[in-house]
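Protein chains: 2
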Amino acid sequence: MLSKKTKYGIKALTFLAKQEGNAPVPIETISKSENISRKFLESILLSLRKNGFLGSKKGKSGGYYLLKSPEDIKMVDVMRILEGPIAMVPCVSLNFYEKCADCPDEAACAVHLLMIKVRDNTLEIFRNTSLADLTH
Amino acid sequence: MLSKKTKYGIKALTFLAKQEGNAPVPIETISKSENISRKFLESILLSLRKNGFLGSKKGKSGGYYLLKSPEDIKMVDVMRILEGPIAMVPCVSLNFYEKCADCPDEAACAVHLLMIKVRDNTLEIFRNTSLADLTH
DNA sequence: TATAATTCCTATCGGTTTACTAGGATTAAA
DNA sequence: TTTAATCCTAGTAAACCGATAGGAATTATA
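Following this line, the structure appears as structure tokens:
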């Protein structure tokens, strides 16, 4: 399951991508427009800022804005920050690899084999989809 | 994340597919060979039996056995029973559909759009992969 | 027929994660 | 100085997950 965190994060990014100009948009505006709990969204945007997707401006008429153009924001990066691993099991994860405790031989494991296929396909979609692709 | 339930279930099915003949295999044998908690595996096999994947024989020299040949056991069906929805969000699920509370227009939702692509790709893999494919 | 070996079934439980909330500190425009 | 915003740390209720407990029912076999 995709977490609400990721879902809301993508929605917020999309909302920002749709804005004309690059003026800071306050959390409240996004939260109301996208029906997202204000405080929860706050923590998500904070995390997107700390990871280089968003810039922010404090104080009156402040808010959040995209740091890159939507074409350059790839879903694979967004997913890894908000959701974590793309892979369904740690033993096939590229960025979050962990060995299975129970599995003596990965190469012989049916689950491993199957999940590599799924990972490769999903990865290609996330790599080839940008924020711009989602706003059109 | 793939649940341990699904992971163990697939491993158990694979183990049974590799057996010569179709004699019942006791839980204990599978559990030891695949390093799976005995009691947990018990509940998983029970569920696979109730959903028509496995047959069972009670009492001495009893156990579980496949009801179909491995070629005819498609991963898409196993996944739906053990893991639930294939889709990452309920609003793009074919078998477990639910409308998003927050989303007024699915067709205009970026997450919806993206997750349909992921679902279609994953679905195709699970549909085209049988238990036999995983044992080779 | 007694025994051992097995599945069947229901219930429970501790730990982790998720989604969300609280509250105040800090910053900046008007 | 006021107002409107982000920043930051903490907390929390509910759900879910992985595993466990214990005994009833069933069946082969000595």
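Protein chains in written order, with the working numbering: chain A, 1 to 136; chain B, 137 to 272. Virtual Cβ for every residue (Gly too), placed ideally from N, Cα, C. Please read all numbers here as calculations on a predicted model, not as lab measurements.
Check: Closest Cβ-Cβ distance between residue 261(B) and chain A: below 8 Å?
Finding: yes
Notebook entry, point to check: Do you know whose CA, among 103(A), 134(A) and 92(A), lies nearest residue 243(B)'s CA?
Noted result: 134(A)
Margin query: Among 45(A), 91(A), 43(A) and 35(A), whose alpha-carbon lies nearest the alpha-carbon of residue 104(A)?
Written below: 91(A)
Notebook entry, point to check: Do we get a CB-CB distance below 8 Å when we pair residue 225(B) with the residues of chain A?
Noted result: yes
Check: Quick one: what's residue 84(A) bridged to in DSSP?
Finding: Paired residue(s): none; residue 84(A) is not in a bridge.
Margin query: When you compare the CB of residue 107(A) with every CB in chain B, is at least one pair closer than 8 Å?
Written below: No, no contact with chain B.
Margin query: Given this structure, state the Cα-to-Cα distance separating residue 88(A) from residue 3(A), to the nearest angstrom.
Written below: Rounded to whole angstroms, residue 88(A) to residue 3(A) spans 14 Å at the Cα level.
Check: So residue 145(B) is in the alpha helix (DSSP H); what residue range does that whole segment cover?
Finding: 140 to 154
Next item on the list: Measure from the C-beta of residue 115(B) to each C-beta in chain A and report whether the shortest distance is under 8 Å.
Entry: Only positions 137 to 272 of chain B appear in this structure, which leaves residue 115(B) out of reach.
Margin query: Please report the straight-line C-alpha distance between residue 191(B) and residue 219(B), rounded to a whole angstrom.
Written below: 20 Å
Notebook entry, point to check: In whole angstroms, what is the alpha-carbon distance linking residue 21(A) and residue 188(B)?
Noted result: Inter-residue distance for residue 21(A) and residue 188(B) is about 58 Å (C-alpha atoms, whole angstroms).
Checklist line | Distance, residue 197(B) Cα to residue 248(B) Cα | finding: One Cα belongs to residue 248(B), the other to residue 197(B), and the distance between them is close to 50 Å.
Notebook entry, point to check: Does DSSP put residue 32(A) in a helix, in a strand, or in coil?
Noted result: Helix at residue 32(A).
Item checked: Under 9 Å by beta carbon: chain B residues contacting residue 121(A) -> Those are 254, 257, 258, 260 and 261, listed as they occur along chain B.
Notebook entry, point to check: What's the call for residue 169(B), buried or exposed, on a 16-neighbour Cβ count within 10 Å?
Noted result: It is exposed - the Cβ of residue 169(B) has fewer than 16 other Cβ atoms within 10 Å.
Note to self: Here's a check: name, in chain order, each residue in its chain whose Cβ is nearer than 6 Å to the Cβ of residue 123(A), leaving out the five neighbours to either side.
What the structure shows: 86
Next item on the list: Take residue 57(A) and list the residues in its own chain whose beta-carbon comes closer than 7 Å to its own, dropping the five residues that flank it on each side.
Entry: 24 and 63
Next item on the list: Use the C-beta contact count for residue 143(B): other C-beta atoms within 10 angstroms, 16 or more gives buried, fewer gives exposed.
Entry: buried
Next item on the list: Compare the C-beta of residue 60(A) against all C-beta atoms of chain B and say whether one is closer than 8 Å.
Entry: no
Check: Taking Cβ-Cβ distances below 9 Å as the criterion, which residues of the stretch 166 to 191 of chain B are in contact with chain A?
Finding: Residues passing the 9 Å Cβ filter: 170, 171 and 172.
Checklist line | Top-ranked residue by Cα proximity to residue 174(B), from 151(B), 164(B), 182(B) and 181(B) | finding: 164(B)
Check: What is the DSSP secondary structure of residue 89(A), reduced to helix, strand or coil?
Finding: Coil.
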